[in-house]
Amino acid sequence: DAGTYDKNIEEWPKRGGANGSLRFDAELKHGANAGLVNALKLLQPIKDKYSGVTYADLFQLASATAIEEAGGPKIPMKYGRVDVTGPEQCPEEGRLPDAGPPSPGQHLRDVFYRMGLNDKEIVALSGGHTLGRARPERSGWGKPVTKYTKDGPGTPGGQSWTVQWLKFDNSYFKDIKERTDEDLLVLPTDAVLVEDPSFKEYAEKYAEDQEAFFKDYAEAHAKLSNLGAKFD
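Per full-length UniProt numbering, the sequence shown starts with residue 1, numbered consecutively.
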């Protein structure tokens, strides 16, 4: 939801960002959002029970809660985001990162600089890949199943970036640097973090210092969660 923000557009909601537009099929059908409909189905009962909570707030609450429950840092969150009202207010497709662009480093900077984020924040937020899996039938990336995903939990399958893909830690940065396990995923936009000199400085720091990663991640996540939002 928040990743569609464009700092060069002042008008809400044209500027994108955390405004609840992700709940509409028009945006869910964007290629970069493949599979997210399943996450929204999990959140809908919460929205039904607490109707006063906006979708924009619920999406950001869910992300911060997931990080904390998985062992990650507590994200300092702010609430009161206003929802868009219809699918015609969804942003155009193409504002989110692509996993395998021709120039991964430049692509990441184009996308994240547009949001007002810097190299440190790009690397820190990329560390979110310590959680979860990629599924080839959704994103076109990853193996159908690995020794780490064949038994679940949840629905088996996909390829994870880390061995313990439900634990939030700094293992992602160690794994993309070592690249010794064929069952772990490394996308072009992951690999560039240890190849680009500016990105590498932070990636190596986070591989060695989990506390530093947690601090920078929490700050970047909180900043991202507010981008483009209109608060009531």
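The C-beta atom is built at its ideal place from N, Cα and C for all residues, glycine as well. Small disclaimer: the values here were computed from a predicted structure and weren't measured.
Practice prompt. Would you tell me roughly how many angstroms separate the C-alpha atoms of K41 and T155, rounded to the nearest one?
Written response: 15 Å
Worksheet entry | Residues bridged to A134 [DSSP beta-bridge criterion] | Q159
Item to complete: Indicate whether P76 and A203 have their beta-carbon atoms separated by less than 8 Å.
Response: no
Discussion item. Whole angstroms are fine: how far does the CA of T130 sit from the CA of D191?
Written reply: With the sequence shown as reference, residue 191 is identified as Ala, and Asp is not the correct amino acid for it. Straight-line Cα distance between these residues: approximately 14 Å.
Worksheet item: Between K177 and the rest of its own chain, which residues show a CB-CB distance below 8 Å, the 5 nearest in sequence each way excluded?
Response: V194, A203, E204 and A207
Practice prompt. Would you verify that the beta carbon of A26 is, or is not, closer than 8 Å to some beta carbon of chain D?
Written response: Absent here is chain D; the protein component of the structure consists of one chain.
Discussion item. Please report the straight-line C-alpha distance between F214 and Y5, rounded to a whole angstrom.
Written reply: 24 Å
Item to complete: Go ahead and pull the three-state DSSP assignment for F199.
Response: helix
Practice prompt. Determine the extent of the alpha helix (DSSP H) in which T189 is found, giving its start and end residues.
Written response: P188 to A191
Practice prompt. Would you check if the distance between the CB atom of Y133 and the CB atom of T149 is smaller than 8 Å?
Written response: The sequence shown places Arg at residue 133, rather than the Tyr named in the question. Cβ atoms of R133 and T149: closer than 8 Å.
Worksheet item: Hey, out of V82, E11, R81 and G158, whose CA is closest to G35's CA?
Response: G158
Fill in: Simplified DSSP assignment, three categories, for F168
coil
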